[in-house]
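So in this note's numbering the end of the sequence shown lands on 682, straight run, no missing numbers. Where a beta carbon is used, it is the ideal one built from N, C-alpha and C, also for glycine. Quick notes on the structure that follows.
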Amino acid sequence: MTVVDIRGIFSQRNIELFEVNSSYIYYAEEKNEDGHNNLFILEYNRSTRKERLVTNYTLEDPTFVEHLYAFDDTLVLILENGSNSMWLIEIDKNSGMELNRRKVVCTGTFRSCIALDSSHILIYMGPDDANAEMFKRYSEVTGCECLCYMYDLETNIKHFIKNPLIAKLGADNIKQMDVHDEKYLILLDPFADEDIKRGYYEEQRWINADIRDNIWLCKLDEFEKQLEAGAENITKKCIASADIKALARYMGIDGDKMFFRAKEFRTGIEKICSYDVYTNSITVEAELNVPDSNTMYIIEEKPFSVFSVRTDDRRTFVNGIINSSAELSYSNELGSFMTCIENRYIVTGSRTVDNNSNTEKQICSIYDSTLDKSESYECNCYLKGNTLVLY
């Protein structure tokens, strides 16, 4: 495990990390200076241990929310305030110079967005008062609550998405993965929450509709070309599906594999399965069995791992289920289990109240099971792979 401690740099600062790689850490910080809201985008060099200002902006609208995406050579910044317009800004990572700045206006009110790559942004817009009737008719025809657009930063063209599946999903249901230098999208299409779907199963004798969870796979370059061409259908492959009798839900990604949870309502049997994008094979990785109310499963999405976590009055017991062989325990005084790294280090989180300021503070603890020692830090933490950032 690599611990990067940059608390000294961030003392008394409110920052948000958005990329951690082997050489740099990128983060954003908002400050109110002389009555103006300023956004700073900064870089921390892990080798030199120095901070560098990439660029900064004065936010004329204090309600702006920023969405930041990092790529090899550029950063993409989206500023929105929940209205029908937003700023899309492309920034050179090294020089901090703006490569592109556009005010994009769409129909409706901003809901969510996702950068598919350094050039293409999906934008989801929901109903507003001015377009309520139009959204109602649109929903009746397509079954979609939101409109979806894809903005091309290279051509500065906004494409309206005609494919109803993409319009229905929303940004949270689109996951990205790289397999052998090929970029893919995982499209998550659950029918409803688990309790709602179980309710339909229990009343299925009255239901004729095809109630189904689907998980789709598509190649990113084909996806973008087809959406740019205005296609109503896209080339995709169903890699997991469950009708009214069962459940299929995305869990995480590790290397060539996408993991999902499968559950049969009749028997209650629940398994974690993997789909190998390269070999197209499905494997049952583990069967989940919760013996009592004191046991839960903790899942780390990237990189994917699953842990069984059981607590008693004094200790918490951790067993690795997938991508971990840990068999460890620690004192409950350290807080709630977050993850286990290298089958040795347990990371926990807890909160405490500062009696002087009456504010709540985050505590991050690292327990070394080999040395049976722990250290606690009054800070936030960010985990990516085997790198833990304290800030």
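Endpoints, alpha helix (DSSP H) assigned at residue i
i    : result
R428 : 423–433
Contact belief for residue i with residue j at Cβ below 8 Å, rounded distance in angstroms
i    : j    : result
G373 : T400 : 6 Å
R337 : Y315 : 7 Å
K384 : L368 : No, K384 and L368 are not in contact; Cβ-Cβ is about 12 Å, not under 8 Å.
Y415 : S403 : 5 Å
G640 : G626 : 5 Å
M542 : V568 : So it is not a contact: roughly 15 Å between Cβ atoms.
DSSP three-state assignment for residue i, whether helix, strand or coil
i    : result
L407 : coil
L681 : strand
D383 : strand
E445 : coil
N623 : helix
D296 : strand
D420 : helix
C670 : coil
V568 : coil
L662 : coil
G640 : strand
V684 : Because the chain is modelled from 292 through 682, residue 684 falls outside the range shown and cannot be assessed.
R635 : coil
C655 : strand
A577 : strand
R552 : strand
R557 : coil
R402 : strand
N323 : strand
T354 : coil
S376 : strand
Residues near residue i in its chain [Cβ-Cβ closer than 8 Å; skip 5 each side]
i    : result
N585 : R601, T602, D603
V396 : N375, S376
R605 : S622, N623
C509 : Y475, L476, L478, I525, T526, K527, K528
L518 : M441, H450, I452, N454, I457, I525
Span of the beta strand (DSSP E) around residue i
i    : result
E371 : 365–371
N329 : 327–336
E592 : Looking at the DSSP string, E592 is not in any beta strand (DSSP E), and its letter there is neither H nor E.
N610 : 606–613
R393 : 389–396
I544 : 537–545
T349 : 341–350
K528 : 528–533
N646 : Premise fails: N646 is in no beta strand (DSSP E) and is neither H nor E.
A520 : Per DSSP, A520 belongs to no beta strand (DSSP E) and is neither H nor E.
Other residues of its chain near residue i: CB distance less than 6 Å, five sequence neighbours each side excluded
i    : result
M292 : I632, E633, Y636, N677
T570 : none
D419 : G399, T400
S565 : K548, F550, T574, E576
The ligand ATP heavy atom lying under 8 Å from the CB of residue i
i    : result
Y360 : Summarising the ligand content, the structure contains no ligands, and the ligand ATP is consequently not present.
Own chain residues within Cβ distance below 7 Å of residue i, not counting five before or after
i    : result
D545 : P594, F595, N614
L330 : A319, E321, N347, Y348, L350, E357
In chain order, which continuous runs of the beta strand (DSSP E) of length 3 or greater are located wholly inside the stretch 455–518? 465–470, 473–480, 504–510
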